[in-house]
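In our numbering, the protein residues as written are 1 to 151.
This report refers to the structure that appears directly beneath it.
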């Protein structure tokens, strides 16, 4: 059966051991079995589809993110972007400088909170117990200090 209806259908007589090959983009077929023991084997030889390359995407940012496969988290920012080639991080509790320091901190289960060091400021001048607190003072004297000797 031609897919182009202007062309005439072709009837093929089947015989034992006969193989019929045709292009499925041009034709299809109808098979009427003779009896219950008839067996038909069909297969397709496929080729890889042409790959598409994005030149530009139009639409709102959520639709663009979905097209790129970004399906969770915040939408990517629009406009001009900056490439980051390296990043450094300072972690409290001496967890920076080596991955071993970081994992030791994680394994010990500490929160890395320490009393603010004197090299930052004198906590005794600016802190009061919670019961004696007044504006301009703090009752929190501990924090996640990256390192003591910053000066």
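Beta carbons: idealized from backbone N, C-alpha and C, even for Gly.
Keep in mind the model is a prediction, meaning the values are calculated, not measured.
Specify, as a first and last residue, the run of the alpha helix (DSSP H) that residue 99 falls within. Translated into the one-based positions of the chain shown, residue 99 becomes position 99. Where residue 99 is concerned, the enclosing alpha helix (DSSP H) stretches over 99 to 108.
Quick check: residue 32 and residue 3, are their CB atoms within less than 9 Å of each other? Position 32 of the chain shown, counting from 1, holds the residue named residue 32. Position 3 of the chain shown, counting from 1, holds the residue named residue 3. At a Cβ-Cβ threshold of 9 Å, residue 32 and residue 3 do not count as neighbours.
Are the Cβ atoms of residue 130 and residue 112 separated by less than 9 Å? Counted from its first residue, the chain shown places residue 130 at position 130. Counted from its first residue, the chain shown places residue 112 at position 112. No, the pair does not count as a contact, with Cβ atoms beyond the cut-off.
C-alpha gap between residue 102 and residue 88, whole angstroms: By one-based count along the chain shown, residue 102 stands at place 102. By one-based count along the chain shown, residue 88 stands at place 88. Going by C-alpha positions, residue 102 is about 13 Å away from residue 88.
Determine which residues share a DSSP beta bridge with residue 114 and list them. Within the chain shown, numbered from 1, the residue matching residue 114 stands at position 114. Paired residues: 143.
Other residues of its chain near residue 145: CB distance less than 7 Å, five sequence neighbours each side excluded: The count along the chain shown starts at 1 and reaches residue 145 at position 145. Within the same chain, 92, 114, 116 and 117 come within 7 Å of residue 145 by CB-CB distance, once the 5 residues on both sides are set aside.
Going by DSSP in three states, residue 27 sits in which element: helix, strand or coil? Taking the chain shown and counting its residues from 1, one reaches residue 27 at position 27. Three-state DSSP puts residue 27 in a strand.
Simplified DSSP assignment, three categories, for residue 63: One-based indexing of the chain shown puts residue 63 at position 63. DSSP places residue 63 in helix when its eight states are reduced to three.
By Cβ distance, which residues of its chain are closer than 7 Å to residue 143, with the 5 residues on each side in sequence left out? For the purposes of this step, residue 143 is identified with residue 143 of the chain shown, where counting begins at 1. Annotation for residue 143: 113 and 116 place their beta carbon closer than 7 Å to its own, counting only its chain and skipping 5 residues before and after.
Let me make sure I understand the geometry here. Which of 106, 78 and 98 has the alpha-carbon closest to that of residue 59? Sequence index remark: in the chain shown, residue 59 carries index 59 (1-based). Nearest Cα to residue 59 within the set 106, 78 and 98: 78.
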